[in-house]
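Numbering (the working numbering), first residue to last: 1302 to 1627.
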Amino acid sequence: MATYAGVDLGATNIRAVVGDESGRVLASRRTGTPQGPNGIAVTEAVLDALRGACEEAGVDPTRIVAVGVGSIGPLDLAEGVIDNPANLPDSIDRIPLTGPIGELVDSDDVYLHNDTTAGVIGERFYSDRNPDDMIYLTISSGIGAGVCVDGNVVQGWDGNAGEVGHMTVDPNGFMTCGCGIDGHWEAYCSGNNIFRYAQRLHDEDPVETSMPLESADFSSADVFAHANEGDEFAEYVLDQVTQWNVIAIANMIDAYAPLVIYVGGAVTLNNPDRILDPVRERLDDVVFGNVPDLQLTTLGDDVVVKGALASALTAGTGDRSRVRSS
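Right under this line is the structure:
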């Protein structure tokens, strides 16, 4: 039986899985992402996670046919590294991946993607339809997307395509993104910013609300919780969030013409009725062409690691017709 591996490298955790030719996960290993002293420490943690998953599966690492990696960025595909990761300490400047992983498994078939690109590969592979035109969108602490058009996964020359959270949705620039630019989608609708948006809106119009806007512990989860309890201002904030989500998702639809958009990320997974349902209701009014099927991810929190495994199986495509057995 041929075996494959997938790795999800995040800023907090590393997860490695070993799977078979059908994409079934045989074994998994999770570990924390080192916060230093350098990038090599992160590389070693990735290799240790892979070794652990192989040990659990009873497979020698050199028997792994191919490995897929879904990672935080930014990437340097030419070098097979993460270059100055934004969500790790500055001392971690470069994280070598494809070379060391290839040496561990004795294979040149190591496919590196940003995490949302791995997500679209996974959603494509595990979908009943195996669609050629689709998007995986994550709305979490940040916002990003993986895109597949005419059966081709859109990576970009350096592997960093899909940074849709940095599309400008508000030309007036009411909110400033974490990247320092005004008006970006992520500044309004990400988990890191919904609560800040609520505070800013309240500063502009200090209406009555039960939300603890001045508390140091106030979070985006509080906005959803208070909206569910009927707080009118919290509901207004989420209606504004929906407005920006509709604009951005409509832009993606008009740009890429997907048949389906799978949406994941913690904000969506924890609040699908507040994120997906109101967007579905409004897309008909703003999309020029076909309105795609907008649905919750089928893979939950496993979307990146399963996408990485699917990448290994299909040479980075998610196309089930390209699965190989050796």
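Cβ coordinates follow ideal geometry from the N, Cα and C atoms, glycine included.
**Request:** Tell me the start and end of each unbroken alpha helix (DSSP H) in the region 1562–1613 that is at least 4 residues and wholly inside, in chain order.
**Result:** 1567–1571 and 1573–1584
**Request:** Would you check if the distance between the CB atom of P1397 and the CB atom of G1340 is smaller than 9 angstroms?
**Result:** Against a cut-off of 9 angstroms, the Cβ pair of G1340 and P1397 comes out as a contact.
**Asked** Starting from C1355 and walking both ways along the alpha helix (DSSP H), at which residues does that stretch end?
**Response** Its alpha helix (DSSP H) spans residues G1340 to A1358.
**Request:** Kindly give me the distance between the Cβ atoms of M1476 and N1494, rounded to whole angstroms, as I take these residues to be in contact under 8 angstroms.
**Result:** 7 angstroms
**Enclosing alpha helix (DSSP H) for C1490 [first to last residue]** = W1486 to C1490
**Message:** Going by DSSP, what residue range makes up the beta strand (DSSP E) through R1623?
**Reply:** Unbroken run through R1623: none, as it is neither H nor E.
**Request:** Between the Cα of G1307 and those of G1320, S1622 and A1358, spot the shortest distance and give me the residue it belongs to.
**Result:** G1320
**Request:** Starting from V1465, follow the beta strand (DSSP E) in both directions and report where the run begins and ends.
**Result:** Where V1465 is concerned, there is no enclosing beta strand (DSSP E), given that its DSSP letter is neither H nor E.
**Message:** Within the continuous beta strand (DSSP E) that includes M1435, where are the two ends?
**Reply:** M1435 to I1440
**Item:** Member of A1616, L1614, L1600 and A1558 whose CA lies at the smallest distance from the CA of G1590
**Value:** A1558
**Request:** Identify the continuous alpha helix (DSSP H) that holds G1400 and give its terminal residues.
**Result:** T1399 to V1406
**Prompt:** Pick from S1408, V1343 and V1561: whose alpha carbon is nearest that of Y1437?
**Reply:** When the alpha-carbon of Y1437 is set against those of S1408, V1343 and V1561, the nearest one is in V1561.
**Request:** Kindly give me the distance between the Cβ atoms of G1371 and V1605, rounded to whole angstroms, as I take these residues to be in contact under 8 angstroms.
**Result:** 4 angstroms
**Request:** Take every Cβ of the region 1422–1432, pair it with every Cβ of the region 1594–1604, and state whether three or more of those distances are shorter than 8 angstroms.
**Result:** yes
**Request:** Look at the Cβ atom of V1580, then the Cβ atom of N1546, and state whether they are nearer than 9 angstroms.
**Result:** Yes; because the gap between Cβ atoms is below 9 angstroms, this pair is in contact.
**Item:** Three-state secondary structure (DSSP) of A1616
**Value:** coil
**Request:** Compare the C-alpha of T1344 against each of G1608, A1317 and R1364 and name the closest.
**Result:** A1317
**Prompt:** When the Cα atoms are used, what is the spatial distance from D1384 to L1413?
**Reply:** Answer to the nearest angstrom: the Cα atoms are 13 angstroms apart.
**Message:** I'd like the list of long-range same chain contacts for F1534, defined as Cβ closer than 6 angstroms, with 5 residues on each side in sequence excluded.
**Reply:** V1508 and T1510
**Asked** Would a C-beta distance cut-off of 9 angstroms place V1366 and R1625 closer than the cut-off?
**Response** yes
**Item:** Reference S1520, options R1497, P1335 and V1542, closest by Cα
**Value:** R1497
**Message:** According to DSSP, is D1391 part of a helix, a strand, or is it coil?
**Reply:** Here D1391 sits in coil by DSSP.
**Request:** Would you check if there are 3 or more beta carbon pairs closer than 8 angstroms linking the region 1511–1530 to the region 1389–1405?
**Result:** Output reads no: the region 1389–1405 does not touch the region 1511–1530.
**Request:** Please determine if the region 1345–1365 and the region 1402–1412 are in contact, where contact requires at least 3 C-beta pairs separated by less than 8 angstroms.
**Result:** yes
**Request:** Would you kindly check if the distance between the Cβ of N1431 and the Cβ of D1603 is under 9 angstroms?
**Result:** no
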